[in-house]
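Order-wise, the sequence lines are chains A and B.
When you read off a place in the first sequence, starting at 1, and then add 24, the result is the number in the working numbering.
When you read off a place in the second sequence, starting at 1, and then add 3, the result is the number in the working numbering.
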Amino acid sequence: MSCYRCPECAYVFDEDKGDAHEGYPPGTVFAELPEDFACPDCAVCFKRDFEKTA
Amino acid sequence: MIAGITSGLGINTGHELGHKKSRLERNLAKIVLAVPVYGHFWIEHNRGHHRDVSTPGDPASARMGESIYKFARREIPGAFRRAWAIEKERLQRRGKSVWHADNQILQSMALSVVVQAGLLIVFGWKMAPFLLLHNFFAWWQLTSANYVEHYGLLRHKDENGRFEKCQPHHSWNSNHILSNLILFHLERHSDHHAHPLRRYQSLRNFDKLPTLPGGYFGSYLLAWAPLLWYRVMDPKLLTLPHINGDLDKINMDPEKRDALLARYGQRQAGAT
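Right under this line is the structure:
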């Protein structure tokens, strides 16, 4: 499983953990997030802008 | 009225706090936004306005030729609908109904009801007009700020139908000391949209950004007189370097399009 980081605000989407508040359970694969997924913290960056970190 | 103005400034404080990642600051934001019954703002602004800013569909970005009074009728309901839709989607992913107690808009509204009903119980019905006036003034300040912040500015749409990332020239700025002190540097707005989580002390002002004719409060006064506003702002908008008279690069009120083209189309033809 991998982590993806928002280049603007450093929010990290960790596939292992998901994001419970946003309704993405642990094990959610980043690629399966909706195409219009916007960073939950800053909403400046979208899925396509996220960088894979690990 | 004073309380309403204070609450309007409270929305601004809630705005700053609501952008932060820490739970404490976010919860404080929700409480302060509950006072003027504007609890949906935290979601609407962070998740809606920042995503859609300076695009034709954003209810919180004013269009060229749109008066503040027309804008308010689009902005206030539009902002609420967008916040509700975003929250509904989030709850659906969690397998919950939009009416579930986890709905953050409902939580804030419940707090508003407690505060305002409490005041009505303690002071009786004579309190009602004061509450309405208070809420109105708070909302109107926010509407005024939203109106001046992105008037006419438009993000470019690429061939895939995606809007470019919000650039510094997609916000109007001002750097006057009074607004700076009162509004937590909100009017250094370009930097705020580029880096929404940056704390207000660190927001920077840059040269050559779209600049309002005065401080925020002066600009509000101008906005409340639409004909004066157009006279000052429309030429300013058209002469911005990235627009350079090109009306296609402006977020325009569709109903005013023909009139604006007739009036400024000449300039477009002369632009290089």
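Every residue, glycine too, gets a C-beta built ideally from N, C-alpha and C.
Predicted model only: the values in this text are computed from it and were never measured.
C-alpha gap between aspartate 65 (chain A) and serine 174 (chain B), whole angstroms: 20 Å
Mind checking tyrosine 28 (chain A): buried by the 16 CB within 10 Å criterion, or exposed? buried
By the DSSP assignment, the beta strand (DSSP E) with aspartate 249 (chain B) in it spans what residues? Per DSSP, aspartate 249 (chain B) belongs to no beta strand (DSSP E) and is neither H nor E.
Here's the rule: buried if 16 or more other CB atoms are within 10 angstroms of the residue's CB, otherwise exposed. What is arginine 93 (chain B)? buried
Exposed or buried, which one is alanine 104 (chain B) when buried takes at least 16 other CB atoms within 10 Å? exposed
Kindly indicate which three-state DSSP category arginine 165 (chain B) falls into: helix, strand or coil? coil
Mapping the DSSP letters down to three states, classify lysine 28 (chain A) as helix, strand or coil. Checking the sequence shown, residue 28 (chain A) turns out to be tyrosine, not lysine. Three-state DSSP puts tyrosine 28 (chain A) in a strand.
Best match in B:Asn138, B:Leu241, B:Lys24 for proximity to glycine 155 (chain B) [C-alpha to C-alpha]: B:Leu241
When DSSP labels each residue in this structure, what does tyrosine 35 (chain A) get in the three-state scheme? coil
Proximity winner among B:Gly248, B:Asp261, B:Glu152, B:Glu258, relative to tyrosine 219 (chain B) (alpha-carbon distances): B:Glu152
Glycine 68 (chain B) vs leucine 263 (chain B) beta-carbon contact at 8 Å: yes
Which parts of the stretch 4–28 of chain B are runs of the alpha helix (DSSP H), unbroken and 4 residues or longer, counting only runs that do not cross its ends? 5–21
Using a beta-carbon distance below 8 Å, is lysine 160 (chain B) in contact with chain A? no
Kindly indicate if chain B contains any beta-carbon less than 8 Å away from that of valine 53 (chain A). no
Could you give the DSSP three-state label for lysine 73 (chain B): helix, strand or coil? helix
In this structure, does DSSP put glutamate 46 (chain A) in helix, strand or coil? coil
Residue-chain proximity (glutamate 56 (chain A), chain B), Cβ-Cβ < 8 Å: no
On the DSSP letters alone, give me the boundaries of the alpha helix (DSSP H) that asparagine 149 (chain B) sits inside. 131–152
May I ask you to report which of helix, strand or coil DSSP gives lysine 160 (chain B)? strand
Between the C-alpha atoms of histidine 196 (chain B) and valine 118 (chain B), what's the straight-line distance to the nearest angstrom? 32 Å
Any C-beta of chain A sitting closer than 8 Å to the C-beta of alanine 274 (chain B)? Because the pLDDT at alanine 274 (chain B) is just 47, under 50, the model does not fix this residue reliably, and the value given afterwards should be weighed accordingly. Cβ-Cβ to chain A under 8 Å: no for alanine 274 (chain B).
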